[in-house]
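Residue numbers (this note's numbering): 23 to 174. Just below is one structure, and these are the notes that go with it.
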Ligand code: FES
């Protein structure tokens, strides 16, 4: 089998026909400007498998990043990143020591400094996270945690 024939057979394996979508599409990637200062954040949308996931990337004081999907694991509301953690603490009757993720639907609070640990409310787990890499001042989001957005 020559090279051209092999490429033709491989092409046939990965497509259904003219005009059809490839069976095995390359994973989606999204690039955003990386937040630089401690506790700065950037929101974004990431599309994968015909679904769009809202996300937020938070620069942590140790220069690490916490990059999470903003779909609340409780019942699926979109939550926000809040630098005014004292006000969030007043609302839910707790005391927090750093910015948090806050879901207003049922008052779940997540800690970006500790992997999204649940600090308050009924959420059964931390937010789903994205796989990322930093490149030339940008964050490249390459995938999202399996099961993201599946509310049970
Ligand atoms: S949907 Fe977020 S706490 Fe219920």
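Even glycine gets a Cβ: it sits at the ideal position worked out from N, Cα and C.
Asked, Found
"8 Å Cβ cutoff, residue 85 in contact with chain C", "In the structure shown, chain C does not exist; there is a single protein chain."
"Pair within 8 Å by beta-carbon distance, residue 144 and residue 130", "yes"
"CB contact flag (residue 54, residue 161, <8 Å)", "yes"
"Three-state secondary structure assigned by DSSP to residue 172", "coil"
"With 16 other Cβ atoms within 10 Å as the buried cut-off, status of residue 81", "buried"
"Enclosing beta strand (DSSP E) for residue 93 [first to last residue]", "Residue 93 -> no beta strand (DSSP E), and no H or E assigned at all."
"Top-ranked residue by Cα proximity to residue 59, from 87, 146, 152 and 171", "87"
"Collapsed DSSP secondary structure at residue 37 in the structure displayed", "Confidence in residue 37 is poor, its pLDDT being 46 and thus under 50, which makes the residue's placement unreliable; the coordinate value appears in the next sentence. Correct three-state label for residue 37: coil."
"Assigned secondary structure, residue 115 (DSSP; H/G/I helix, E/B strand, else coil)", "coil"
"Contact under 8 Å by Cβ, residue 152 with residue 99", "no"
"Residue 135: CB within 7 Å of a non-hydrogen atom of the ligand FES", "no"
"Residues near residue 63 by beta carbon distance below 6 Å, same chain, minus five either side", "57, 78, 80 and 103"
"Three-state secondary structure assigned by DSSP to residue 135", "helix"
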